[in-house]
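This report refers to the structure that appears directly beneath it.
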Amino acid sequence: MIPRRPPMTFIALVLLAIAAAASLFLGRVNISPAAILEGLFTADPNLAHLVVMELRLPRTVLAVLVGAALGLSGAVLQGLLRNPLAEPGLLGVSSGAALGAVVSIYFSLATAFSLATPLLGLAGALGAGALTFALGRGGTLSLILAGSAVSGLMAAFLAMALNFAPNPYAAFEMSIWMLGSLSQKSWEHVLLAGPFIAAGIAILATLGRAIDALALGEDQAASLGIDLDRTRLLALLGVGLAAGAATSVTGSIGFIGLIAPHLVRPFVGYQPSRTMLPSALFGAALLLLADIGTRVLHTSSELRLGVITSLIGTPFFFWLVMRLRRVAP
Amino acid sequence: MTTMAAHVVTVRRGGRAIVDAVSATLEGGMFVALVGANGAGKSTLLSCMAGLLKPDAGDVRLEGRPVLTLSGRDLAKRRAYLPQSLRAEWPISVERLVALGLTPQLPAFGGLPGGFEPRLTRALEACDLTDHRFQAATTLSGGELARAMLARALIGDPQVLLADEPVSGLDPRHRLDTVARLRRLAVEEGRLVVATLHDLTLAARHATHLMALRQGRLIAFGPTATTLTPGLLREAFDVEATITGAGRDAIVDYVGPV
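Top to bottom, those sequences are chains B and A. Just so we're aligned, residue 302 is where the first sequence starts under this note's numbering, counting upward by one. Just so we're aligned, residue 13 is where the second sequence starts under this note's numbering, counting upward by one.
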């Protein structure tokens, strides 16, 4: 007899559906649910239609894509590195994206071309990922070290950009961008980031067997026919595309990639490959909920998404530390 | 009959040959104890035989084909390898840990196909793990974990099993258990089993063949009864030893340094 566990994927799907619906129905502008449904399914260009189709729907879709990218990246990296603290930012990809975006703000490129910020962010993410891979070939430890070295380098450039900001407004814009947000995101952003996120997710999805076998350690995984170098390359590429594209459109959003795998892991028997799908769904649901929070909590200036995820994520981190201390001798 | 042949296998590290032109032909049915002092090159030779390490010169052939030309998956179906210091990295159940041994047989996606279920049950039974089937692998004792990893290695029904120090860290009862199991795999089931062993009494009693390394060179290879002599032990380990009894009653006793 195999003991029954709650079907985690199903639970995550239900949660995601609820969160997505709430994201469509809740917002700063009060529109009745009936009007929203009408707006969704008619082409009549009234206020409800515009708000739902042009504001809330792209925002919801983007939140799902970004949250799934972060959740899946976290699950794969934790499996690959067999480290519960691994998260998408570990490989320098997120800080590379942040640097690219900040450079575009520094040179006011966004005024000339509205998608300059995400495009440069993407370039930064891929560049940082390539640098990490070039430095960290050939071993898990060297990959982690290379990732933190690249993160450090990117952070140094970020600080420099802030330091030499052409005017206080640019400095302000850079810091705000780094707090992460889904507001003022349109279909353009979805179309820009979507293909990269989808490609990254597709690459990461192939790594289930490899990260499962790594539960036996690297030597045994290799003896089972797992090509470790190839696995590391694909993981870095997948995370670079998925998390890099996500960060380049939304700014830095911490903790989703760290938390989502931990929330699902005990319910799927700790098997790394089985955390992947529920973790992506949970990541999407968590990000949607956090984004709804930014919209319904009325604060004097907009509460940024990255702030909420950090506020929720940090206590979780404390809990994780306590638990690890209890479990590990 | 399975054959695995090493042909002048040489591995150099820092200008020194840690495996030096080792040639030997091993066959199914043999339980080979690979012995030698620390740093003699046992683990490195075993890694080369497993196809996990590319020798600087020479090659290892399985059924006449160089192991490095076989695809990882193909090779994984034919030979199983157990490294030193086994560890489960996640608290997955014993059943899942053992099923990981089927990785090369499985399609790229999805869970364990139903057809493998009886095989999993048999593998668990063969290594006395039925009671631990749903236990988290990280909570197993050393002996239980060693059995679980052995079940993991055997579930894919490999022709060759290469184990690096399979009994280190085990208590006497589990040492006897493991070595007896390895011998059965070779003698009764016709597989080739190669294991590095430090306990020479165990090797003398159970191994059908002995391979001895000294500073990377193969100094002896042959049936245990004729190969294991005080002279060999002096050469391989720099110790004076006496060997009393033979076969299942053999005792290797160390008298002192040379």
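Beta carbons are placed, not taken as given, at the ideal position from N, Cα and C, and that holds for glycine.
Query                                                                                                                               : Result
Short CB-CB distance (under 8 Å) between B/ASP513 and chain A                                                                       : yes
N-terminal and C-terminal residue of the beta strand (DSSP E) that B/GLY368 is part of                                              : No beta strand (DSSP E) holds B/GLY368; the alpha helix (DSSP H) holding it covers 358 to 382.
Under 8 Å between C-beta atoms of A/PRO103 and A/ALA148                                                                             : yes
Given 8 Å, three or more beta-carbon pairs between the segment 42 to 55 of chain A and the segment 222 to 236 of chain A            : yes
Cutoff 8 Å: B/THR441 Cβ touching any chain A Cβ                                                                                     : no
Beta carbon proximity, A/ALA198 to chain B, threshold 8 Å                                                                           : no
Within-8 Å CB hit, B/TYR407 to chain A                                                                                              : no
Selection from A/VAL106, A/GLN227, A/VAL21 that minimises the alpha carbon distance to A/ASP143                                     : A/VAL106
Contact list for B/ARG627 against chain A, beta-carbon separation under 8 Å                                                         : None at all; the shortest Cβ gap to chain A is about 14 Å.
Contact list for A/THR115 against chain B, beta-carbon separation under 8 Å                                                         : ARG510, ASP513, ALA514, LEU525, GLY526, ILE527
DSSP three-state assignment for B/ILE337, whether helix, strand or coil                                                             : helix
Beta carbon proximity, A/GLU101 to chain B, threshold 8 Å                                                                           : yes
Whether A/ALA253 touches A/LEU245 by CB criterion (8 Å)                                                                             : yes
A/ARG63 vs A/GLN117 beta-carbon contact at 8 Å                                                                                      : Rather than Arg, the amino acid found at residue 63 of chain A in this sequence is Gly. No, the Cβ-Cβ distance between A/GLY63 and A/GLN117 is not below 8 Å.
Supposed contact pair B/GLU474 and B/LEU416 - C-beta distance, whole angstroms, cut 8 Å                                             : With 8 Å as the limit, B/LEU416 and B/GLU474 do not qualify as a contact, their Cβ atoms being about 16 Å apart.
Boundaries of the alpha helix (DSSP H) in which B/MET455 is found, first to last residue                                            : 441 to 464
Through-space distance from B/ALA431 to B/ARG510, alpha-carbon basis                                                                : 24 Å
Inter-residue CB distance, B/PHE458 and B/LEU400 (contact presumed, cutoff 8 Å)                                                     : 5 Å
Alpha helix (DSSP H) runs contained entirely in the segment 156 to 237 of chain A, provided each spans 4 or more residues           : 184 to 199, 212 to 218
Contacts around B/SER452, its chain only, beta-carbon distance under 6 Å, and the 5 residues preceding and following it disregarded : GLY393, SER396
Exposed unless 16 or more other CB atoms sit within 10 angstroms - verdict on B/PRO630                                              : Unreliable placement is indicated for B/PRO630, whose pLDDT of 45 sits below 50; the coordinate value is still reported in the next sentence. That one is exposed.
Member of B/ILE406, B/ARG533, B/ILE502 whose CA lies at the smallest distance from the CA of B/ILE477                               : B/ILE406
Of the listed residues B/THR576, B/HIS563, B/LEU589, B/THR600, nearest to B/VAL622 (C-alpha basis)                                  : B/HIS563
Against chain B: residues of the segment 70 to 93 of chain A by CB proximity under 9 Å                                              : SER83, GLY84, ARG85, ASP86, LEU87, ALA88, LYS89, ARG91, ALA92, TYR93
Element boundaries [alpha helix (DSSP H), containing B/LEU588]                                                                      : 573 to 597
Meets three-Cβ-pair contact criterion under 8 Å: the segment 335 to 347 of chain B and the segment 497 to 504 of chain B            : no
Per-residue burial, B/ARG305 [other beta carbons within 10 Å of its own, 16 or more giving buried]                                  : Because B/ARG305 carries a pLDDT of 48, less than 50, the predicted location of this residue cannot be relied on, and the following value inherits that uncertainty. That one is exposed.
Reduced DSSP category for B/ARG531 - H, G, I as helix; E, B as strand; rest coil                                                    : helix
Nearest residue (CA-CA) to A/LEU74, options A/ARG226, A/LEU174, A/GLY228                                                            : A/LEU174
Beta-carbon proximity list for B/SER324, same chain, < 8 Å, skipping 5 on both sides                                                : ARG357, ARG360, THR361, ALA364, LEU589, ASP592, ILE593
Interface residues of chain A facing B/THR507 [CB-CB closer than 9 Å]                                                               : ALA120, PHE121
Ordered list of beta strand (DSSP E) runs contained in the segment 49 to 137 of chain A, each at least 3 residues                   : 69 to 74, 91 to 94
Test: B/ASP520 CB closer than 8 Å to a CB of chain E                                                                                : This model lacks chain E altogether; the protein chains it does include are B and A.
Residue nearest to A/GLY202 in terms of C-alpha spacing, selected from A/HIS210, A/LEU209, A/ARG193, A/THR208                       : A/ARG193
DSSP state of A/PRO269 mapped onto helix, strand, coil                                                                              : strand
Proximity test, Cβ basis, 8 Å: B/PRO630 and chain A                                                                                 : With a pLDDT of 45 at B/PRO630, under the threshold of 50, the predicted position of this residue should be treated as unreliable, and no value is reported.
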